Every structure is written in C-alpha cells, then in structure tokens.
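**Q** My structure is below; once you've seen it, I'll send some questions.
Right, dumping it as structure tokens:
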C-alpha cells in the first residue's frame, strides 16, 4: 500500500477487556515495529519483527501484551485484561532499509 | 543504555525567526540519527536523517548535522513559518548498522506566531 495503516483508529475499552490492534505495513517492508506513546511523551519501543520472526520484545510492559505477525505482513498487538495505564496511542512502523521507519497514524486506546 | 536528551519546550517563535532545537544522545555504537515531526492531528513523519558522522540531513528548510564528537544532532531552520508549528522528536536508531528500534526524545513543541 501507499503507507502504513492501522485499525481501529480509536478504541474505548472497559478495564479488564481484551483488545486487538492491527497494523498493515508498507508492502515489501520486512521490518515492523510497535511503539507506545503516552500523552505528551515520545514513543517508546515495544517490539520488533523481521518478517514473521519476533526478534525483540524487550519493550513489552507486561505479559498481558502480545504481538504476532504470522505471515510476515500484517501484525496484531493484543492487550489482555486492559488496565487504565494502558491508555495511550499505539504506533506501528515499518521499514525496508536500515533505520528509516515509516509510521502509521496510530490507534488511540482509552481504557475506562 | 542508549538514550537521547532533547531540548524541552514549548518553544514559541515569531514567523521568520531562527530556530534551534538541541538534541544530544548517548550511544555505545554508531547510530543513524533522525528527526521526526508530528503535526497537529497527524502521525509521525520523517523530517530528515543522517547516517554517519559529519553528514547533514536537510528537508523543508530544516537542517541537522551528525556531530560524533559532541554526540549531537541539533535541528535548525533559518526562517520558521506558521506551518512549522508541530512537535519535533529527535531519535537515534539503527545502532551498529543493524535494524534497531528508535529511541525518541520527549519531543519539543514549536508554536510559530504570525
């Protein structure tokens, strides 16, 4: 596609609910990253895929967070038993060459 | 670990003023350096980048030079416009030449008044 797309753009969840956030990277981009951006802060790294392999998940804040990219294209970030502190914008980025990442519009998650 | 320190905002300037946003980083390797911009209501966009020492990245009148000796990547623009109002993020990444995650500063909000 023309750019990275994410869905849904906005998600309101009740505390304890599970959510799934989707990312469609730019076609042909082998690398995919997830970031979490709290209000007024810079994005923070969550996890990284190269094709279908999850090479780094050191930024996932707890075992309630899980990400997958089973066919090396679309990725899903799943958050189980959401908590209020999970409220943030979740950004997906993809890249083809070293270092230049292209970001999607983000999913704004609000946990009530 | 690797980290980045970015000038805190908000920064308010008049149109046509000179802009500098300072950025320094710590690194155990040789990262690529990026400036991203986030316009109101929009997603992060790559503004410019530099991949090795003494490289100068430039775009839309903005410039930044990779200074290895001072581990800095300050953003400059000679004459800002109202349309430059946005949040600017400095981000080292791609440490050691590998595809690594970006480490973002806290962002500097720039407001340009007519």
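Protein chains in written order, with the working numbering: chain A, 6 to 117; chain G, 902 to 1015.
Note that beta-carbon positions come from the ideal geometry of N, C-alpha and C, so glycine has one too.
These numbers come from a predicted model, not from an experiment.
#1: What are the boundary residues of the beta strand (DSSP E) that residue 11/A is part of?
#2: Where does residue 23/A fall in DSSP's three states?
#3: Taking 7 Å as the CB-CB limit, is residue 70/A close to chain G?
#4: Measure how close the beta-carbons of residue 905/G and residue 1010/G come, nearest whole angstrom, since I'm counting them as under 8 Å.
#5: Taking only beta-carbon atoms, is residue 54/A less than 7 Å away from chain G?
#6: Reducing DSSP to helix, strand and coil, say where residue 904/G ends up.
#7: If the cut is a Cβ gap below 7 Å, which residues of chain G does residue 105/A touch?
#8: Exposed or buried, what is residue 74/A when buried is set at 16 or more other beta-carbons lying within 10 Å of its beta-carbon?
#9: Out of 117/A, 116/A, 112/A, state which residue places its alpha-carbon closest to the alpha-carbon of residue 943/G.
#10: Do residue 916/G and residue 1013/G have their C-beta atoms within less than 7 Å of each other?
#11: Does any CB atom of chain G fall closer than 7 Å to the CB of residue 41/A?
**A** With the given structure in hand:
#1: Against the first chain, residue 11/A aligns to sequence position 6. From DSSP, the beta strand (DSSP E) with residue 11/A extends over 10 to 12.
#2: Locating residue 23/A in the first chain gives position 18, counting from the first residue. Note: residue 23/A maps to coil in three-state DSSP.
#3: Here residue 70/A refers to the residue found at position 65 when the first chain is read from its first residue. Answer no: the Cβ-Cβ gap between residue 70/A and chain G never drops below 7 Å.
#4: Locating residue 905/G in the second chain gives position 4, counting from the first residue. Locating residue 1010/G in the second chain gives position 109, counting from the first residue. Incorrect: roughly 17 Å between the Cβ atoms, too far for contact.
#5: For the purposes of this step, residue 54/A is taken as residue 49 along the first chain, with counting starting at 1. For residue 54/A, the answer is no, since every Cβ of chain G falls outside 7 Å of its Cβ.
#6: The count along the second chain starts at 1 and reaches residue 904/G at position 3. If DSSP states are grouped into helix, strand and coil, residue 904/G belongs with the strands.
#7: Walking along the first chain from the start, residue 105/A turns up at place 100. Under the 7 Å cutoff, chain G gives 947, 950.
#8: As a first step, residue 74/A is located in the first chain; it is residue number 69 there, counting from the start. Its Cβ being crowded by 16 or more others within 10 Å, residue 74/A is buried.
#9: Locating residue 943/G in the second chain gives position 42, where the first residue counts as 1. Of the candidates 117/A, 116/A, 112/A, the one whose C-alpha sits nearest the C-alpha of residue 943/G is 112/A.
#10: The residue given as residue 916/G occupies position 15 in the second chain. The residue given as residue 1013/G occupies position 112 in the second chain. Going by C-beta atoms, residue 916/G is nearer than 7 Å to residue 1013/G.
#11: Locating residue 41/A in the first chain gives position 36, counting from the first residue. No - not a single Cβ of chain G is within 7 Å of the one on residue 41/A.
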